[in-house]
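Participant: One structure coming up, written as structure tokens, with questions to follow.
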Amino acid sequence: DNQDPHPRWADAVAESGRSDMSVHEQFAEDLALYALGALEGGERASIEKHLEECASCRRELEQLSGDAALLALTTSGPRPPARAKSRLMDAIASESKLQTARPRLQWWTALGWLTAAVMVVFAIGFWRQNKHLSSTVGQLSGMLERQRADYEKVRRVADVLNARDATPYLVLPVSVKTLPPSGKAIYSRERNGLVFVASNLGPLPSGKAYELWLVPKQGAPIPAGVFKPDVHGGAVMLNPPLPVGVEAKAFAITIEPEQGSTTPTPPIIMMGAGG
Numbered sequence: 016d017n018q019d020p021h022p023r024w025a026d027a028v029a030e031s032g033r034s035d036m037s038v039h040e041q042f043a044e045d046l047a048l049y050a051l052g053a054l055e056g057g058e059r060a061s062i063e064k065h066l067e068e069c070a071s072c073r074r075e076l077e078q079l080s081g082d083a084a085l086l087a088l089t090t091s092g093p094r095p096p097a098r099a100k101s102r103l104m105d106a107i108a109s110e111s112k113l114q115t116a117r118p119r120l121q122w123w124t125a126l127g128w129l130t131a132a133v134m135v136v137f138a139i140g141f142w143r144q145n146k147h148l149s150s151t152v153g154q155l156s157g158m159l160e161r162q163r164a165d166y167e168k169v170r171r172v173a174d175v176l177n178a179r180d181a182t183p184y185l186v187l188p189v190s191v192k193t194l195p196p197s198g199k200a201i202y203s204r205e206r207n208g209l210v211f212v213a214s215n216l217g218p219l220p221s222g223k224a225y226e227l228w229l230v231p232k233q234g235a236p237i238p239a240g241v242f243k244p245d246v247h248g249g250a251v252m253l254n255p256p257l258p259v260g261v262e263a264k265a266f267a268i269t270i271e272p273e274q275g276s277t278t279p280t281p282p283i284i285m286m287g288a289g290g
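Here it is in structure tokens:
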């Protein structure tokens, strides 16, 4: 009887051989990728460790390396295993997609930063221009308001001088001196306006001022404003606040505290009636 006395042992050996061949075939397929430099990381380390232990794979790698060199000079060569070819093509496709995507990402990123930078520059320029325009508008508005105020003063003076009932009052000193002071008041009851001009007025004591009085035809004198002359003795008052509709008989001047008085303090130093 030629039957194997240990059939189970024979089966185990055969199975072990098939397992070793399966592992060897796996590394043999990866050898083509390794020879082309297409393996990285753990796969590369794993096959290099296997090559240290497997003389058969080292011989096959030498043959594949020679075929790779020959492939550079010819259009034909050994056909790599199907699995190796598939993995190589996947690796090439992945690398191609990565290289294609990277420039696109960098281009869009650069465009975004450039757009943001341009917007910042325009925003700063617009802010500066707006600030400058606001300052200019403020200055022009102030000038316009001052011109309007000046125009209103001139218009009021012109209204008083051209009023139908504008009456001049020559205000002269009660006691004549070497250089007599003089004053002229033009008053309009209709326009409720008064223009007063004086000259040759003498200097005042500290804390004192001249005060002009409207003397009505009936009633007590009405304060018409305080003033101080300039170094030449001149003074001007334009449209001081007065009661409406008062009929004037005369105008007079006294020396009062610089804040003014409600009733004249004697003596009256200048006085003039209308005419």
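By my numbering, the letter at position 144 of the sequence shown is numbered 159, and the numbering carries on one by one without gaps. All C-beta atoms, glycine included, are put in the ideal place defined by N, C-alpha and C. Since we're looking at a predicted model, the values are computed, not measured.
1. For V241, does the three-state DSSP call read helix, strand or coil?
2. Count the other CB atoms, across all protein chains shown, that sit within 10 Å of the CB of N254; report buried if there are 16 or more and exposed otherwise.
3. Please confirm if the stretch 236-254 is in contact with the stretch 192-210, defined as three or more CB-CB distances below 8 Å between the two stretches.
4. Look up E77 in the DSSP assignment and give the residues it is bridged to.
5. Measure the beta-carbon distance from L79 to A47 and round it to whole angstroms, keeping in mind my assumption that it falls under 8 Å.
6. Ignore the nearest five residues each way along the sequence and tell me which others in S221's own chain have a CB closer than 6 Å to its CB.
7. In chain order, what residues of the same chain lie with their CB nearer than 7 Å to the CB of V168, ignoring the 5 residues before and after it?
8. Nearest-angstrom Cα distance between A87 and L51?
9. Grab the span of the alpha helix (DSSP H) containing L66 for me, first residue to last.
10. Which one or two residues does DSSP pair with M252 in a beta bridge?
11. Less than 6 Å between C-beta atoms, sequence neighbours within five positions excluded: which residues of the same chain meet that for G240?
Facilitator: Reading from the atomic positions:
1. strand
2. Per the 10 Å Cβ criterion, buried.
3. Yes, the stretch 236-254 touches the stretch 192-210.
4. Bridge partners of E77: none, in fact.
5. 6 Å
6. none
7. Before going on, a small fix: residue 168 reads as Lys here, not Val. Hits under 7 Å: L253.
8. With a pLDDT of 46 at A87, under the threshold of 50, the modelled position of that residue is not reliable, and no figure is offered here.
9. Segment G56 to E68, the alpha helix (DSSP H) holding L66.
10. According to DSSP, M252 bridges with F211.
11. L227, M252 and P255
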